[in-house]
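Just so you know, the protein sequences line up as chains A and B, in that order. If you count by numbering that gives the first Met the number 0, then the first sequence holds residues 0 to 586, one letter each, in order. If you count by numbering that gives the first Met the number 0, then the second sequence holds residues 0 to 586, one letter each, in order.
2 protein chains.
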Amino acid sequence: MFLEKINNPEDVKKLTRDELYLLVDEAREALIKKVSHHGGHNGPNLGVVEMTVALHYVFQSPVDQFIFDVSHQSYVHKMLTGRAKAFLDETHYDDVSGYTNPKESPHDLFTVGHTSTSLSLANGVAKARDLKKETNNVIAIIGDGSISGGLAYEGLNNISELGTNTIVIVNDNDQSIAENHGGIYENLRLLRETKGKAKDNFFKSLGFHYEYLEEGNNLDALIELFQAVKDTKSPVVLHIHTIKGKGFAFAEENREKFHAGGPFSLETGEYISTGNQLSYNQLTTEYLLEKMAKDSSVVAVNAGTPMLLFSAEQRAKAGKQFVDVGIAEEQAATMIAGLAKNGVKPVWAVYSTFMQRSYDQISHDLALNNLPGTILVYGASVNGMNDESHLGIFDIPFLSHIPNLVYLAPTTKEEYLEMLDWSIEQMNHPVAIRVPVGGVKSEEVIKELKHPDILSNQISQMGADVAIFGIGNFYHLAKEVANKLEEISQLKPTLINPRVISQLDKGVLEELKKAHRLVVTLEDGILEGGYGQTIASYYGDSGMRVQNYGLDKAFHDRYTASELMEENGLTVETICQKILTNFPAVD
Amino acid sequence: MFLEKINNPEDVKKLTRDELYLLVDEAREALIKKVSHHGGHNGPNLGVVEMTVALHYVFQSPVDQFIFDVSHQSYVHKMLTGRAKAFLDETHYDDVSGYTNPKESPHDLFTVGHTSTSLSLANGVAKARDLKKETNNVIAIIGDGSISGGLAYEGLNNISELGTNTIVIVNDNDQSIAENHGGIYENLRLLRETKGKAKDNFFKSLGFHYEYLEEGNNLDALIELFQAVKDTKSPVVLHIHTIKGKGFAFAEENREKFHAGGPFSLETGEYISTGNQLSYNQLTTEYLLEKMAKDSSVVAVNAGTPMLLFSAEQRAKAGKQFVDVGIAEEQAATMIAGLAKNGVKPVWAVYSTFMQRSYDQISHDLALNNLPGTILVYGASVNGMNDESHLGIFDIPFLSHIPNLVYLAPTTKEEYLEMLDWSIEQMNHPVAIRVPVGGVKSEEVIKELKHPDILSNQISQMGADVAIFGIGNFYHLAKEVANKLEEISQLKPTLINPRVISQLDKGVLEELKKAHRLVVTLEDGILEGGYGQTIASYYGDSGMRVQNYGLDKAFHDRYTASELMEENGLTVETICQKILTNFPAVD
């Protein structure tokens, strides 16, 4: 076996052409085996096995600098840069992350997880190289799906402007996570159909030398192409047509399903089910399909992750009332401002981590104009994605301080669906809703929310001495804490579901002053700049004591949620102990 | 005079062609007179007088919907939509804002001040129109300078994808605020030189029908062009060549100087000086030019507002060590990550309000990778720009909670320059520095900062009972408060300059517990999600009382800083009174 003997790219260069072909087969086999056991990004990596082997055969990493966009297609790159064991030995599968990672290897330049950044990163790397009067190649590898992001266009413009060596590899498998959307994809299609000869070439219009390769999974052709442009003195785009999921029939046939996922059966191509409990995502899908059927002015918007809301079949059913803008979160945020302005009812579904990309569009376009668009914030929890590049724990700090925006944190199915319906129908404000994460919770007693209620705190249990605010997902933790306190002390805590996290319910906060000496807040996100601190500030010099609980400010990586919560004192026991230090008498 | 009789666009349609020409002259004359007295955006408006008259003559606003990018070129549009008096009568100059504003007129769809948003807004407006089965024209007017923003590209892609009526007018005067930068501008130049015939047409590559007009200040030609595309069933780009500053010699000759500015002399074309006191901007310019001359690895980066740092002459002097990426803040943030990764020392100068556009790039590219780039944050103050679309008061909440990022708030010239030099030389973290706003303050006693000092709070006066934290610009207010308190009470306050606002100096905070019962924070920005609240949270249940002072969460518009501060209790008197309520004995 060659792969296990590859300790660095130099070993790749020593192989004969025949041996390189065997290496390709071994790498693909290792890929399929690992992702079927372990989960991961299937299609993107299977499509670039030949490309990655050719890159390391022709170029000299790390002197020549590779920058992988999103970097979810860097598995084979990892195999060839001293990390093969993490793909060959099951006991070492977790040695590497699913993205490039400078902590793992000098061959990985950046920690990357969001799309469309590689060209601007490469532009900076190349500019620094020029200032240092060095002459290495800078190579950015970007998929067609990432080309829809505005930052990719800004990067292309500036690479062209710099005018020196930068090789942009557009890995075109005619597929984003789902299907592509946007005018640029018409041009890519035309270029594929004409083998790169179409007039009005997008890349040439931006000043690039351009080469097209139809056989993007042909090792010889790739090596020849890379050798031809190596050490170019000016910017080049290599438009390379590859097959997503290449070499694994199920992945080639169902490219959306096999973009990424958990473990699956090599025999049936079915993902191994992890139980089929009802999720808030399913509830949202069902609610929206029904709502849109009843009201033709409701339009669902998404930016390149449509499966978050709808399957391909459901998207077809939604028809013109569903818009996928491609991977372009800024467009989604600003477009819903335009939709709301012109009298329809937009609902944008987005992951907390990707929503970060539209901070200014949410502030300047949606909130400044105070337009009634609805944003559904997914995965906003310590229990969301746990890669350092995909954390969903920063949205309360970066959204809550935006004027006019109402940010809601429902705690149960009933509350969530009422808030969602209220948000879509109200015409006064932009509203973001933190879609609960985890198993669906239902209220013991179903009570109908009235509109004014939605913007006020709910006192679900009135006690004395200590009041506990449980925000969204953490309401249930707050309840456990309250129950435990009653059990172990003479305290009968007040329990509060604030519902809205972008403003304080001063009526409730004043009311608490009468019979409470401690207010506790629990939020499912980082503490700094969050909700709890606004309460601590409100009580400032009133004599009321406050304890804020949440996560510390850090890019936590591949953590175990329960462990991270424990480290941050987010357990029933620790919280109870700390609360009781304020009540020595009743301890 | 025709202009004063124009009460709405219908009145424009009634004019003969000769009368329209006179209207153009009257509008241009009114423009020049107002901006010379009042200040404003000169060049952008002078260039589109004919275009705006033609638009209102051919299309039917507000049924047909105009969306102006940035909207700083909407003055003539305002004249023709019932607001002529604000340009003809000096006593009414302040009746209108410098941007489109729905509160002023139904002919203004959006409040806009940041660039590159018009196409995505138009895409949303057009999609809503289609869902409602209406048939009006949607027209976006965008300058060549704004085309460099990634959001404009995302908008073009999605307008093309929607495939219905949207008319994109590219107002090409071959000039951004300063000169243009990026590959797209090569294409625009080729298209101008070939009268739109060049191959590899950027707009056609994205699927647009394309028309070029060389004579963009020719009223007849404009009317003919607009009539030809009115009610088109598919997306069109009208590439119209105009002359920035048209009709005012000084503005045509010096397009950068006359993009915008304060009152100027019609005779000499010189801006009327408002005193020439030394500014922190000048200090920065001098420091950087000297630093770059000494160290060839220092590179200054800016996104389309180069005059913030350097004049045209100084940019030439900086040479390859200065990069203007065009109006593309995301590119700037991600590029400096690439620059820092490859071993040079980037310094990015950006206005607080525009930095909002790169929140995710600062977090995901720069901070997650913990790369030592320096960000100079300009205009971050209640005393910065005061249009609701250009506020610089949100940066503490949206930057301070980003992990790894060090955010510094210097209080004097000496402190600022030392922090700046430290930041450029250190290799451990991304660092943002809040460039002080207002007249340059100097320390009585010059003391050299040592590196560890920079990340610690400075106790500039140790007293007892009450400790006052003055952040950055507000340190001097804190000092006034401390002095006043000593004068009117028996209190001797402790005065603290925190220096760093992205982390707490727990040593100092613990020290204060010994002899203080109240901690006061003053910050030059909104309170919510800010620095003071992290201190309130830190003291939580310790018994220490805290008062946080700052601005309320709102899009304040065209305010007077002193009035807004007074409304928010930010005066020496009010703060002293509130502090003393905690010390009845000494009152």
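Just so it is clear, CB atoms sit at the ideal spot from N, CA and C, and this is done for glycine as well. Note that the structure is a prediction, hence the values are computed from the model and not measured.
Item, Value
"Suppose the cutoff is 7 Å on Cβ atoms and the five residues either side in sequence are ignored; what does the same chain contact list for E153 of chain B look like?", "S119"
"Per DSSP, which one or two residues make a beta bridge with V235 of chain B?", "B:I166 and B:H208"
"Within 10 angstroms of the Cβ of A227 of chain A, are there 16 or more other Cβ atoms? Answer buried if so, exposed if not.", "exposed"
"How many angstroms separate the CA atom of Y548 of chain A from the CA atom of Q457 of chain A?", "19 Å"
"Just list the beta strand (DSSP E) runs in the stretch 410-470 of chain A, keeping only unbroken ones of 3 residues or longer that don't cross its boundaries, in chain order.", "430-433, 457-460 and 464-469"
"Buried or exposed for Q174 of chain B, going by 16 or more other Cβ atoms inside 10 Å?", "buried"
"Indicate whether the contact test is met: 3 or more Cβ pairs, each with one atom in the stretch 363-370 of chain A and one in the stretch 105-112 of chain B, closer than 8 Å.", "yes"
"Q355 of chain A touches chain B at which residues, Cβ-Cβ below 8 Å?", "Y358, D359, S362 and H363"
"Determine which residues of the stretch 514-526 of chain B have a Cβ less than 8 Å from any Cβ of chain A, and write them out in chain order.", "L517, I525 and L526"
"With 7 Å as the C-beta to C-beta threshold (strictly closer), list the residues of the stretch 529-549 of chain A near chain B in chain order.", "G531, Q532, T533, A535, S536, G539, D540, R544, V545, Q546 and N547"
"From the beta carbon of E160 of chain B, is the nearest beta carbon of chain A less than 9 Å away?", "yes"
"Indicate whether at least one CB of chain B lies closer than 9 Å to the CB of E510 of chain A.", "no"
"Apart from the five residues on each side of it in sequence, which residues of its chain come closer than 7 Å, Cβ to Cβ, to I600 of chain B?", "Nothing about residue 600 of chain B can be read from this structure; chain B reaches only from 0 to 586."
"For S278 of chain B, which beta-bridge partners are listed by DSSP?", "B:G438"
"Are L579 of chain B and M564 of chain B close, meaning C-beta to C-beta below 9 Å?", "no"
"Apart from the five residues on each side of it in sequence, which residues of its chain come closer than 6 Å, Cβ to Cβ, to S73 of chain A?", "F67 and T99"
"Beta-carbon separation of A127 of chain B and G318 of chain A under 9 Å?", "no"
"Quick check for students: name the residue ranges of the beta strand (DSSP E) that lie wholly in the stretch 335-360 of chain A, counting only runs of 3 or more.", "344-350"
"Comparing the C-beta of T80 of chain A with each C-beta of chain B, is any distance below 9 Å?", "no"
"Which ranges does the alpha helix (DSSP H) cover as unbroken runs of at least 4 residues, wholly within the stretch 146-200 of chain A, from first to last along the chain?", "149-161 and 182-192"
"Mind checking who Q590 of chain B pairs with in its DSSP beta bridge?", "Residue 590 of chain B lies beyond the stretch modelled for chain B, which goes from 0 to 586, so this question has no answer here."
"At what residues does the beta strand (DSSP E) containing N403 of chain A begin and finish?", "Where N403 of chain A is concerned, there is no enclosing beta strand (DSSP E), given that its DSSP letter is neither H nor E."
"Give a yes or no on whether the minimum CB-CB distance between H400 of chain B and chain A is below 9 Å.", "yes"
"Is the Cβ of S296 of chain B closer than 9 Å to any Cβ of chain A?", "yes"
"Cα-Cα, which of A:V47, A:L161, A:P262 and A:T231 is closest to I141 of chain A?", "A:V47"
"Under a three-way DSSP split, which group does E214 of chain A fall into?", "coil"
"Terminal residues of the continuous alpha helix (DSSP H) containing L390 of chain B?", "Neither: L390 of chain B is in no alpha helix (DSSP H) and is coded neither H nor E."
"Is the stretch 30-37 of chain A touching the stretch 81-95 of chain A in the sense that three or more CB pairs, one from each, lie closer than 8 Å?", "yes"
"Does any residue of chain A have a CB that is nearer than 9 Å to the CB of L367 of chain B?", "yes"
"Below 7 Å between beta carbons is the criterion; list the residues of the stretch 178-194 of chain A that meet it against any residue of chain B, in chain order.", "H180, G181, G182, I183, E185 and N186"
"Indicate the three-state DSSP secondary structure (helix, strand or coil) for F263 of chain A in the structure shown.", "strand"
"Starting from Q546 of chain B, trace the beta strand (DSSP E) in both directions and tell me its first and last residue.", "R544 to L550"
"Got a sec: is the Cβ-Cβ distance from E266 of chain A to anything in chain B below 9 Å?", "no"
"So is N581 of chain A in contact with chain B if we call contact Cβ pairs under 9 Å?", "yes"
"If the criterion is Cβ atoms closer than 9 Å, does the pair I534 of chain B and V518 of chain B meet it?", "yes"
"Below 8 Å on C-beta distance, what does Q72 of chain A contact in chain B?", "Ordered by position in chain B, no residue passes the 8 Å Cβ test against Q72 of chain A, which lies about 18 Å from the chain."
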